[in-house]
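Since the structure comes first, as C-alpha cells, the remarks are kept for the end.
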Amino acid sequence: MVLEKGKISAPQIGKMIYLAVTPTAILSTPAITYKFAKQDLWISPMWAFSGVIAILIAFGFHRWFPDQNFVQACERILGRILGKVFGLFFLLYYLYLGGVIVREYGEFVVGAFLIQTPLLVVSGSMVLVCAIVVRSGVEIIARFADVFVFIFALLFLLLIIPLLPDLHLLKLQPIMGEGIGPSLSGSFVLQAWFSEFLTVSFLIPFANDVKKVKKSMAMTLLAVIMTLVASNLVTLLLLGNITGNFTYPFLIVARYINLADFFTHLESLFMAIWVLGAFVKICVFFYVVTIGTAQWMNLRDYQPIVFPLGFLLLLMSIWIAPNMQELTQALSTSIIFSVLTVLICIPAALLGLAWIRRQWS
-12 MVLEKGKISA
-2 PQIGKMIYLA
8 VTPTAILSTP
18 AITYKFAKQD
28 LWISPMWAFS
38 GVIAILIAFG
48 FHRWFPDQNF
58 VQACERILGR
68 ILGKVFGLFF
78 LLYYLYLGGV
88 IVREYGEFVV
98 GAFLIQTPLL
108 VVSGSMVLVC
118 AIVVRSGVEI
128 IARFADVFVF
138 IFALLFLLLI
148 IPLLPDLHLL
158 KLQPIMGEGI
168 GPSLSGSFVL
178 QAWFSEFLTV
188 SFLIPFANDV
198 KKVKKSMAMT
208 LLAVIMTLVA
218 SNLVTLLLLG
228 NITGNFTYPF
238 LIVARYINLA
248 DFFTHLESLF
258 MAIWVLGAFV
268 KICVFFYVVT
278 IGTAQWMNLR
288 DYQPIVFPLG
298 FLLLLMSIWI
308 APNMQELTQA
318 LSTSIIFSVL
328 TVLICIPAAL
338 LGLAWIRRQW
348 S
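Using the numbering used here, the first residue of the sequence shown is number -12, and each one after it goes up by one.
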C-alpha cells in the first residue's frame, strides 16, 4: 500500500540527513566531547564509525527489502507478530528522540534568547509548524532542506571567518599528547549523532534514483565530519581549556565576535542556524514516526494521524527530563548507549538474521 507518492532526489536526501544530524551536534557535543578528549576534541568527529555502519545497514536492508523501510522489513524478518512488536518499539524510540530534539530546541531558545517565554509556547509552536509541513509530504521537507542547507552553510561561515584573527594555534598543543585514546573517548559521544544516519532507511524508498543515494550519503557523512571538526576547532582555539565550562560553547564563540565595535551580538546568526537546522531535523524525525506508524497500522493515509502524533511528540518533550541539567547529563550517558543499541546493534543483528534466513532458504 502506497501512503506517500512523493519522490525526492539523492542530493535532497543528503541535505535532509545533513540537517538532521549537524545542528544539534554543533550545539551540544563540544562541551561533552571536551570532557573526554580535551585539546583533541577536534579529532573526535573523524572517528565516525557508527555513521559508516548505519549507512551500510540501511543499504543492506534496502538491497534485501527494496521499497520497504526498516519498520516494514522487521515483519519480513521476524514474522507478523514479533515484527509488529519490534516495529512499534522502533517507532516509539524515534518518537522519544524527536521529543529530545524538541526539548533541546525549546530549552536553548528560552535559555539563551526568549527568557520570559514559556517553554511550552516555544516548543508547541515549532511542533505545530512541523506538523503542517509533515502533513504536506516528504517533497516539501526536501525542498525546505534544499533551501536551508545553503543558508545554514552561509551563516556558519559568517560566524567562523570573523574569528580567524583571534584564534590561537598554540591551544592545540599537545596534539594527541596522551595518544589516540582521548580522541576516541570523545568520539564515543558523537557516535549517537552519527547513528542517526540509519534514518536514511526511511527515505530511500522515496528516491527517484536509488543508485545515487549511496554516493550522496558518503558525501553527507564527509560534510558532517568536516562541519563538526571546524566548529570544534574554532571553539577550542578561541576558548581553550574553558570550553568544558559552558553548556553551549559555540554560542559563546558567536558572542565573542566584535568587528570595529559595529558588528556585534552575532549570536543571532547562531540562533538562525539552530532554528533552521532544528526545524528540518524535527520534520524528518516527525515524518519517520508518522509514515512508519501509518504503515504499522495498515492505514490508507497518514495525514489524519499527523496532529495526534504531534501532540504526543510535544508531551514526550516534556516528559523526558525535569530540567535541562538532567537532559544534558542524559545526552552524555544513557542516551548515547540507548541510541547505539537501538539504531546500530539491534538493526545489525536483524540484518544478520535476515542474511542467515536467506542462506538457509
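Note that the Cβ used here is the ideal one computed from N, Cα and C, for glycine as well.
Inter-residue distance for Tyr92 and Trp261 is about 8 Å (C-alpha atoms, whole angstroms). Judged by beta-carbon spacing, Lys268 lies beyond the 9 Å limit of Ile127, meaning their Cβ atoms are not closer than that value.
Straight-line measurement puts the Cα of Ser174 at about 8 Å from the Cα of Met33. For the pair Val276 and Asp153, the Cα-to-Cα distance works out to about 44 Å. DSSP, read as helix, strand or coil, puts Ile167 in coil. For Thr214, the enclosing alpha helix (DSSP H) stretches over residues Val200 to Leu226. Each residue's CA atom was taken as its position, placing Asp27 and Val293 some 43 Å apart. With a 10 Å radius around the Cβ and a threshold of 16 neighbouring Cβ atoms, Cys332 comes out exposed.
A Cβ-Cβ contact shorter than 9 Å links Val136 with Lys2. For the pair Phe52 and Ile64, the Cα-to-Cα distance works out to about 10 Å. Beta-bridge partners of Ala194 (DSSP): Ile(-5). Only residues of its own chain outside the window of five on either side were considered, and among them Leu142 have a CB closer than 6 Å to the CB of Ala259, listed in chain order. DSSP, reduced to helix, strand and coil, places Pro32 within a helical segment of the structure shown. Buried is the label assigned to Gln178, since at least 16 other Cβ atoms lie within 10 Å of its Cβ. Val121 counts as buried, since at least 16 other C-beta atoms from the protein chains shown sit within 10 angstroms of its C-beta.
The residues Phe57, Ala60, Ser188 and Leu338, in chain order, have a CB closer than 7 Å to that of Phe48 in the same chain once the five nearest residues on each side in sequence are set aside. Excluding the 5 residues flanking it on each side, Tyr83 has same chain C-beta neighbours closer than 8 Å at Met303 and Ile307, in chain order. For Leu101, no alpha helix (DSSP H) run applies, since DSSP gives it neither H nor E.
With contacts defined as CB atoms closer than 9 Å, Val8 and Phe266 fail to qualify as a contacting pair.
Annotation: Gln312 to Ile44 spans about 34 Å, alpha carbon to alpha carbon. Counting along the chain, the unbroken alpha helix (DSSP H) around Phe298 starts and ends at Val293 to Trp306. The residue from Met213, Ser255, Thr234 and Leu185 with its alpha-carbon nearest to that of Arg242 is Ser255. DSSP places Met3 in the helix class (H, G or I) of the three-state scheme. Val134: member of the alpha helix (DSSP H) spanning Val125 to Ile147, first to last residue. Straight-line measurement puts the Cα of Leu79 at about 21 Å from the Cα of Leu107. DSSP places Arg63 in the uninterrupted alpha helix (DSSP H) bounded by Phe57 to Leu65. In the DSSP assignment, Val187 falls outside any alpha helix (DSSP H), carrying neither H nor E.
In the DSSP assignment, Gln312 falls within the alpha helix (DSSP H) that extends over Met311 to Leu318.
Bounds of the alpha helix (DSSP H) holding Arg345 are Ile333 to Trp347. The count of Cβ pairs closer than 8 Å, one atom from the stretch 186 to 204 and one from the stretch 284 to 293, stays below three, leaving the stretches out of contact.
If the five residues before and after Thr104 are omitted, its C-beta is found closer than 7 Å to the C-beta atoms of Val97, all from its own chain and listed in chain order. The residue among Ser37, Leu14 and Gly66 with its C-alpha nearest the C-alpha of Arg90 is Leu14.
The distance from the Cβ of Ala99 to that of Tyr235 is about 7 Å, consistent with a contact at the 8 Å cut-off.
Just so you know, the alpha carbons of Trp342 and Met163 end up roughly 40 Å apart. In this model, Val116 and Leu301 are separated by some 12 Å (Cα to Cα).
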